[in-house]
Amino acid sequence: MTSLDWKAEYVKARSTYEDCEKDVRRFVDKILENAGIAVFQVEGRVKTLDSIDEKIRRKSGKYANPLTDMTDLVGVRIIAHYLEDVDRIVELLSKEFEVREEHSVNKRDELAPDQFGYASNHLVVRIGSRSERSWARYAGISAEFQVRTMSQHAWAAMHHKLGYKREADVPIPLQRKLFLLSALFEMADEQFSTIKGEIDKLSGEYSDSVKHGALDLRVNAQSMEAYVRNSPKVLEIAEVAKGLRIRYWEGDLSVLVALAKALGAKTIGQFDEKLPDGPSTHRVLSAFLSVFGPRSEGRVIEISLGSIIATFRGLEEKQFKRIFPDSGSAGWKLFEGMHEKVRSQE
64 MTSLDWKAEY VKARSTYEDC EKDVRRFVDK ILENAGIAVF QVEGRVKTLD
114 SIDEKIRRKS GKYANPLTDM TDLVGVRIIA HYLEDVDRIV ELLSKEFEVR
164 EEHSVNKRDE LAPDQFGYAS NHLVVRIGSR SERSWARYAG ISAEFQVRTM
214 SQHAWAAMHH KLGYKREADV PIPLQRKLFL LSALFEMADE QFSTIKGEID
264 KLSGEYSDSV KHGALDLRVN AQSMEAYVRN SPKVLEIAEV AKGLRIRYWE
314 GDLSVLVALA KALGAKTIGQ FDEKLPDGPS THRVLSAFLS VFGPRSEGRV
364 IEISLGSIIA TFRGLEEKQF KRIFPDSGSA GWKLFEGMHE KVRSQE
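Numbering (the numbering used here), first residue to last: 64 to 409.
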């Protein structure tokens, strides 16, 4: 196939490739969400004519017909937070698509123990291999997934910026510095995974403690998260809100930690004592309804756990503005009025 032939065909079919990239990216977002895997970024692209031309010149003779021989006309990059997430994502994608093993590679496995270089998992799949009818239009199209961590992505970006494609291209005086830098990036990934494991373990221990009523835990983000998800008092507050048709949410953990500090609570047990009981929660939420009006069709009143506790206990103006910085002076006046209303009903 001549250059003019494949270029004309590609221009004609490009909209299909663009639709494919968008559908694949949306599908990836969906399966990651369903699997509970939070990632830093999912991005995609369709190769340009210039990019295809450059690759053909670089790998002379490899592509008789770029439209069928080139496997990365559609590309999707998934940037994960942790090394273990990379493995989970590759496993997910392998279950959803037919993998072209001969074109797929884990670049990290190709590096010798004493080498530095690009580390990323490249997975080439047949997009039209899915059974749903909506994917049939992409029969014959392959896509390349690049799955990497944030650290691997940072290394790849900087390595590309420096302009070195291979280790042999690097001047010897600079090789040691790049060896050290590469090791630091790898160590960062390993340490992030280790810290995440320790946080998960600690969160599990905190949850068990809260479930058994052992609340002598120092207030921090992990202990607070365990508390709000397992505390009978918090559950009661949520049920009262539901009964009043108010949309309740836990809110930002950092707000609850700051609120605990403002209220003088150093442990989760002390914070637990600051929460309103059922009748008191009803008074607080009634004060909100008196200000914002009853819930009407298409209008939903939302309130966070932190707002409920703060309104029940009260705060000084400086404390309030530090914990709820977006509220401003108007928010403070509103808060002050609702707190007074709650106190008057005691």
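Glycine included, each C-beta is placed from N, C-alpha and C at the ideal position.
Simplified DSSP state of R346, which is helix, strand or coil: helix
Enclosing beta strand (DSSP E) for F103 [first to last residue]: Run containing F103: 102-109, per the beta strand (DSSP E) assignment.
C-beta contact flag for A325 and I258 at 8 Å: Not in contact: A325 and I258 (Cβ atoms no closer than 8 Å).
Complete beta strand (DSSP E) runs within the stretch 181-229 (minimum length 3 residues, chain order): 184-189, 205-212
With a threshold of 16 other CB atoms inside 10 Å of the CB of Q104, please say whether the residue is buried or exposed. Exposed: under 16 other Cβ atoms inside 10 Å.
Y73 by DSSP, collapsed to three states: which one? helix
Quick one: grab the DSSP three-state call for S359. Here the model assigns S359 a pLDDT of 49, short of 50, so the residue's position is not dependable and the matter cannot be decided.
Per-residue burial, I235 [other beta carbons within 10 Å of its own, 16 or more giving buried]: exposed
Can you give the Cα-Cα distance for L156 and L186, rounded to whole angstroms? 8 Å
In whole angstroms, what separates the C-alpha of F248 from that of A143? 14 Å
Here's a check: name, in chain order, each residue in its chain whose Cβ is nearer than 7 Å to the Cβ of A328, leaving out the five neighbours to either side. V282, F334, K337
I believe S286 touches Y269 by the beta-carbon criterion, under 8 Å. Please report the beta-carbon distance rounded to the nearest angstrom. 5 Å
With 16 other Cβ atoms within 10 Å as the buried cut-off, status of S359: Because the pLDDT of S359 is 49, which lies under 50, any placement of that residue in the model is unreliable, and the number read from its coordinates should be weighed accordingly. By the neighbour-count criterion, in which a residue is buried when 16 or more other Cβ atoms sit within 10 angstroms of its Cβ, S359 is exposed.
Under 8 Å between the Cβ atoms of V318 and V405? No.
Which one of W69, V162, N97, D148 has the shortest CA to CA distance from G260? D148
Cα separation between Y73 and A284? 52 Å
Check whether T134 and S183 have beta carbons under 8 Å apart: no
What are the start and end residues of the beta strand (DSSP E) that includes V137? In the DSSP annotation of this structure, the continuous segment of the beta strand (DSSP E) that includes V137 starts and ends at 137-143.
Span of the beta strand (DSSP E), counted from its first residue to its last, around I365: This sequence places Glu at residue 365; Ile is not what is there. Counting along the chain, the beta strand (DSSP E) containing E365 begins and ends at 365-367.
In whole angstroms, what is the alpha-carbon distance linking V188 and P342? Distance from the CA atom of V188 to the CA atom of P342, rounded to whole angstroms, is 58 Å.
Are the CB atoms of L130 and K110 within a distance shorter than 8 Å? no
Could you tell me which residues DSSP puts in a beta bridge with V168? H185
Close Cβ partners of K344 (< 8 Å) along its chain, the five nearest in sequence each way excluded: According to the sequence shown, residue 344 is Thr rather than Lys. Taken in chain order, the residues that qualify are E299, I300, V303, A304, I371, F375.
In DSSP terms, what E161 is bridged to: R189
Under the three-state DSSP convention, the category R308 falls into: coil
How many angstroms separate the CA atom of H214 from the CA atom of E253? Note that residue 214 is Ser in the sequence shown here, rather than His. For S214 and E253, the distance between alpha carbons rounds to 10 Å.
With distances taken between CB atoms, is the gap from V153 to V102 smaller than 8 Å? no
Which term fits I309, buried or exposed, when burial requires 16 or more other beta carbons within 10 angstroms of its beta carbon? Buried: at least 16 other Cβ atoms inside 10 Å.
Neighbour-count burial assignment, P339, 16 or more Cβ in a 10 Å radius: By the Cβ neighbour-count rule, P339 is buried, with 16 or more other Cβ atoms within 10 Å of its own.
Would A323 be called buried (16 or more neighbouring beta carbons within 10 Å of its own) or exposed? Buried, since its Cβ has 16 or more Cβ neighbours within 10 Å.
With distances taken Cα to Cα, identify the nearest neighbour of L244 among A217, K264, K158, A202. Of A217, K264, K158, A202, the smallest CA-CA separation from L244 is found for A217.
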